[in-house]
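Enquirer: The structure is given below, and queries will be raised subsequently.
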Amino acid sequence: MKHWPVKSRRAPMLASTLALAIVATLSFTACKRTPSPAGEAPSAAASTAPANETADQFIARVNQEMRDTYAELSAAQWISSTYINDDSELLAAKANERWLTQLNGWIEQARRFEGQSMSPETARSIMLLKLMTAMPAPRDPAKLAELTRIATRMEGMYGSGEYCTGEGAAKECRQLGELEDVLRSSRDYATQLDAWRGWHTIAQPMRKDYTRFVELVNEGAKDMGFADAGEVWRSGYDMPPAQIAAETDRLWGQVKPLYEQLHCYARTRLDAKYGKDQGEVGGGMLPAHLMGNMWQQDWSNLWDLLQPYQNAGSLDITGALQQQYRQDYTDELARHAGIPDTDDLVEIERSAQLDSARQMATRAQDFYASLGMQKLPDSYWEKTQFIKPRDRDVVCHASAWDMNMAGDVRTKMCMKPNEEDFTTIYHELGHVYYYLAYNKLPPIFQAGAHDGFHEAIGDTIVLAMTPDYLRSIGLVGEQQQSHEALINAQMRMALAKVAFLPFGLMIDRWRWGVFDGSIKPDQYNKAWWDLKAKYQGVAPVQSRGEEFFDPGAKYHVPGNTPYTRYFLADILQFQFYKALCDAAGYKGPLYECSFYGNKAAGEKYLAMLEKGASQPWQQTLKELTGGEQMDASAVLEYFAPLQEWLEQQNEGRSCGWTGTPVNLPPAATPDKPVPGKA
Ligand code: X8Z
Ligand code: ZN
C-alpha cells in the first residue's frame, strides 16, 4: 500500500504510512488532545512555515510537499524490501528519517491553527496528519534516527531470516517460504515441529531492538499528546480510541460461538489423525505446529484433514494450480532446442514459475476488470515482484505499493502455485485498485476510509470466488448441487476466514499492552502465548520462555503494521459482499452469490474507493451498505449452514478450552538463534 512512508518500508504499510496509517481517521470530537509542550528540539521543517499562512493554505502546502517527497521515500523502501543488504537498509532508514522529520514538522506547524475556524476538509486533514504514521517518531533528531534504523533492521532480519540445520557439507538453511511448505504439506508431527521451531529462532535476536523500538515510538506518541503509540493506532477510527477497543470486543462476541464450533471440530479431526495425546495440548487447545500455518491464522492447508465430505466435488485449487504449473514447465521444456543442461533447467523452471505467477495475477485483474475497473498499467507488469529472486534476500511478505500517487502501482510477493497465494493476489489487487481510485484526491486523503476498509477490498472479491466462479475459470470441475457440496464450500471459506478472527484480534491486544506498559519486556513471550490461548485456543507443545521472542516471528511485529485492520476487514468484507450482491440484484442465499462481471456492483464499489479517507468511514459505509456500523451479522448469515452442521458434528463433545496449558515440557534441544544474513 502506499504508505506513507511513515513506516517502514513496506507498502502495505506505506500506505500505511500515509494511507493506511491515515486511515485511521479520527472524529473531530475524538481528536482533542492535550497540546504537547512546545518542542525543545524543533525540526528543520518547522521553521519553513510562511508567516500569515491560513490553515487552508497550510494544508494545500502540506499536500504539495507530500507529493514532492513521496516517490523518493517509496523508492527507497521498495529497494530495501526487494534487495535486502546493509546499503539498501541505510538508504531506506535515511529516507524514512527525512520523512518522519518532515511529518513532525508539519504536525508542529499545525498547532498554530488550534481553535481557529477552518474548512471541514482542512480540519480533517490536520487530524489525519497526526495519525499518518504507525511509527510516531520522537522530536529528538538522534532518537528519530535511531528509530528508523531499528525499524529497518528488524524488517530486514525478518526478510532474511533463515533456519539452518546440519554441519559442514550437510548444512542446510531454509527461509520462511520453505518452512511454510513443510507445514502446508507434511503431516509428520516431528517434521512440522522442527519447521515451526526453526522459524521462531529468527525472532530471538529481535527482542532487544523491539524493546527499544517500543520506548521510542511511545516517546513520539507522547510528543504528539497521545498516551502511547497504541492510542495513536486506536485513534484512526473516527471515534474515541477507547471506543474502538470496545467495538472489537463487541464484534468478537458476535462471531466467537462460530469460531468455537470450528475449533471443536478441528480438534476432533486432529485427535483422529495424531491421537489424543498429540492432537491436542493441555486444556483442549490446538497444537501450534499442526495447524498448517506458522501462526495458526489460516487453516486452509489442513483441507486434507478437515474436508467434511470426500466425494462431493473437488475444491482442490492448489492441485489445479500446480498442475497448470507443471504443464507450463513441460511446454517450456518441449520448446527448448537441444538437450538442456542444469543451467537451462533452472532457467526453464524459473520461467515457468514466473508465467504461473503472472497468470494468477492476470486472473485476479480479470475479476476487477469484469466489474468495469481499468486494466493495470503496463508498468505494473514490468515492475512488480512476482516471484522470489534467486540471488538476493527480499521481504517475501505480500504487499501492494503506490510508488508515486500517479499510476506506478506494484505488488511484491514470492508467489507459488497454491490456493493461499492465489487468493492473496486478489487481496493485493484490492489495495492497488484502491490506490488507483483515490489517486485523484489530495495526498492526505489518499488512504482507506479506515485501515480495515483497505484490507477488506480484495477479500470481498475473494468471497465472490464461489465454486461456480472457480469452475468458470477452469480451476475446479463441475460442482454437485448437494448439501454435502455446500458444506465443503463453506468449510473452505471458514478455514480461511473464521479461523482468522481471533488471530486478527490477539496481535494488537498484545501490542496495545506492550505500548501501554501493562505487558513488560520480561513478560513479552508469556503474554503472547496467554493471548494466543485465550483467543485462539492454540498452544505450543513445548514451553516457550522469555529466551524466545515469538511475536517477532510474525511479519507485522517487526514490520510494525497495525493488525486490528485485518480483524475489522474480516467482518467488513461480509458487509461489503452483501451490499455488492444487493447492487447486482442477486436474490439467493448470501453464500452462493458472485457478482463477477456485474457492472452495477463494480460502480458502487468504485464510488466507495474514490472517497478514500476524505470523510468519516461511517458515512462511506452508509453509502455502500445503508448502515453506519460495523456488524458481524452478515458473517453469521453467510456461515449459517456450516454453523448448524458443526453443531451437529460437535454434539455430545465437550467443546471449548481452558486458557493456559499446564506443565509443558521444555524444548528438547535449546534453539539457537540464527541471525539474518543481511
Ligand atoms: O499481511 C497481509 C497481506 C498484506 S496487507 C498479505 N495479511 C495478513 C497476514 O498475512 O497476516 C492478509 C491477511 C492477514
Ligand atoms: Zn493487505
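For the sequence shown, counting from 1, position 214 maps to 214 in the UniProt record's numbering; every step adds exactly one. For glycine and all other residues, C-beta sits at the position ideal for the given N, C-alpha and C.
#1: Does the ligand ZN have even one heavy atom less than 7 Å from the beta-carbon of His556?
#2: Restricting to Cα atoms, I'd like to know which of Gln254, Glu72, Arg350, Leu333 is closest to Ala95.
#3: Please return the same chain residues whose Cβ sits closer than 6 Å to the Cβ of Asp421, not counting the five positions on each side in sequence.
#4: Could you tell me how far apart the beta carbons of Ala352 and Tyr329 are, in whole angstroms, since I believe they sit closer than 8 Å?
#5: To the nearest angstrom, how far is it from the Cα of Asp331 to the Cα of Arg184?
#6: Less than 8 Å separating the beta-carbons of Ser370 and Tyr83?
#7: Which of the three DSSP states, helix, strand or coil, is assigned to Leu286?
#8: Where in the region 467 to 507 do unbroken runs of the alpha helix (DSSP H), each at least 4 residues long, occur, reported from the N-terminal end onward?
#9: Could you tell me if Thr342 is buried or exposed, where buried requires 16 or more neighbouring beta carbons within 10 angstroms of its beta carbon?
#10: In chain order, what are the residue ranges of uninterrupted alpha helix (DSSP H) at least 4 long that sit wholly in the region 412 to 466?
#11: Please work out which residues of its chain come closer than 6 Å, Cβ to Cβ, to Ala489, disregarding the five sequence neighbours upstream and downstream, and give them in chain order.
#12: When you compare only the Cα positions, how much space is there between Arg234 and Ala400?
#13: Taking only three categories from DSSP, how would you classify Ser399?
#14: According to DSSP, is Phe28 part of a helix, a strand, or is it coil?
#15: State the Cα-Cα distance for the pair Ala51 and Gln615, rounded to the nearest angstrom.
#16: By Cβ distance, which residues of its chain are closer than 6 Å to Met291, with the 5 residues on each side in sequence left out?
#17: What's the call for Cys31, buried or exposed, on a 16-neighbour Cβ count within 10 Å?
#18: Please tell me whether, using a cut-off of 7 Å, the distance from the CB of residue 730 to the nearest non-hydrogen atom of the ligand ZN is below it.
#19: Closest to Gly230 by C-alpha separation, out of Ile519, Gly585, Pro540, would be which residue?
#20: Among Asp582, Asp516, Ala640, which has the Cα closest to the Cα of Gly626?
#21: Does DSSP put Ala46 in a helix, a strand or coil?
#22: If we ignore side chains and look at the alpha-carbon of each, how far apart do Asp228 and Gly313 end up?
#23: By a C-beta neighbour count over all protein chains shown, 10 Å radius and 16 as the cutoff for buried, is Asp87 buried or exposed?
#24: Determine the direct distance from the alpha carbon of Asn418 to that of Leu475, and round the result to whole angstroms.
#25: Inspect the CB distances between the region 439 to 452 and the region 345 to 362 and report whether three or more fall short of 8 Å.
#26: Check this for me: beta carbons of Arg492 and Gln479, under 8 Å apart or not?
#27: For Val346, does the count of other Cβ atoms within 10 angstroms reach 16, so buried, or fall short, so exposed?
#28: When you compare each of Trp512, Thr384, Gln57 to Pro562 by their alpha carbons, which one comes out closest?
#29: Grab me the residues of Phe213's own chain with a C-beta within less than 8 Å of its C-beta, minus the 5 sequence neighbours each way, in chain order.
#30: For the alpha helix (DSSP H) that Gln57 lies in, which residues bound it at each end?
#31: Flag His263 as yes when its Cβ comes closer than 7 Å to any non-hydrogen atom of the ligand ZN, and as no otherwise.
#32: Can you confirm whether the region 96 to 108 touches the region 124 to 143 when touching is taken to mean that 3 or more C-beta pairs between the two stretches lie within less than 8 Å?
#33: Please state whether DSSP places Gly659 in a helix, a strand or coil.
#34: So within the region 511 to 546, which uninterrupted alpha helix (DSSP H) runs reach at least 4 residues, ignoring any that extend past its ends?
#35: What are the residues that DSSP puts in a beta bridge with Tyr605?
#36: Starting from Arg112, trace the beta strand (DSSP E) in both directions and tell me its first and last residue.
Expert: Taking the structure as given:
#1: Outside the cutoff, so no.
#2: Among Gln254, Glu72, Arg350, Leu333, the Cα nearest to that of Ala95 belongs to Glu72.
#3: Excluding positions up to five away in sequence, the list reads Met415.
#4: That belief holds up - the Cβ atoms of Ala352 and Tyr329 are roughly 4 Å apart, short of 8 Å.
#5: C-alpha separation (whole angstroms): 27 Å.
#6: Judged by their CB atoms, Ser370 and Tyr83 are not nearer to each other than the 8 Å cut-off.
#7: Leu286 carries a strand assignment under DSSP once its states are collapsed to helix, strand and coil.
#8: Contiguous alpha helix (DSSP H) elements confined to the region 467 to 507 occur at 467 to 472, taking only those with 4 or more residues.
#9: Looking at its Cβ environment, which holds fewer than 16 other Cβ atoms inside 10 Å, Thr342 is exposed.
#10: Qualifying alpha helix (DSSP H) stretches, in chain order: 419 to 438, 451 to 463.
#11: Non-local C-beta neighbours of Ala489 in its own chain, meaning closer than 6 Å and more than five positions away in sequence, comprise Pro467, ordered along the chain.
#12: Approximately 23 Å, taken between the alpha carbons.
#13: Here Ser399 sits in strand by DSSP.
#14: The pLDDT assigned to Phe28 is 22, lower than 50, so where the model puts this residue is not dependable, and the model offers no usable value.
#15: When the Cα atoms are used, Ala51 and Gln615 turn out to be separated by approximately 29 Å.
#16: Counting only Cβ-Cβ distances below 6 Å, and skipping sequence neighbours, we find Trp299.
#17: Residue placement at Cys31 is flagged as unreliable, the pLDDT there being 25, under the threshold of 50; a coordinate-derived value is accordingly withheld.
#18: Examination of residue 730 is not possible in this model, given that the chain is present from 1 through 678 alone.
#19: Considering only alpha carbons, the answer is Ile519.
#20: Gly626 has its Cα closest to that of Asp582, out of Asp582, Asp516, Ala640.
#21: Residue placement at Ala46 is flagged as unreliable, the pLDDT there being 45, under the threshold of 50; the coordinate-derived value follows with that caveat. Three-state DSSP puts Ala46 in a helix.
#22: Note on geometry: alpha-carbon atoms of Asp228 and Gly313 lie some 52 Å from one another.
#23: It is exposed - the Cβ of Asp87 has fewer than 16 other Cβ atoms within 10 Å.
#24: Between Leu475 and Asn418, the C-alpha separation is close to 11 Å.
#25: Because the criterion of three Cβ pairs below 8 Å is not met, the region 439 to 452 and the region 345 to 362 do not touch.
#26: No, these two residues do not count as a Cβ contact at 8 Å.
#27: Burial call: exposed.
#28: Here the closest residue by C-alpha is Trp512.
#29: Answer for Phe213: Leu147, Ile150, Ala151, Met154, Asn560, listed in chain order.
#30: That run of the alpha helix (DSSP H) goes 55 to 82.
#31: Not under cutoff, so the answer is no.
#32: Three or more beta-carbon pairs separated by less than 8 Å link the region 124 to 143 to the region 96 to 108, which places the two stretches in contact.
#33: Coil, per DSSP.
#34: Counting whole runs of 4 or more residues, the region 511 to 546 contains the alpha helix (DSSP H) stretches 524 to 531.
#35: According to DSSP, Tyr605 bridges with nothing at all.
#36: Taken as a continuous stretch (DSSP letters only), Arg112 belongs to no beta strand (DSSP E), as it is neither H nor E.
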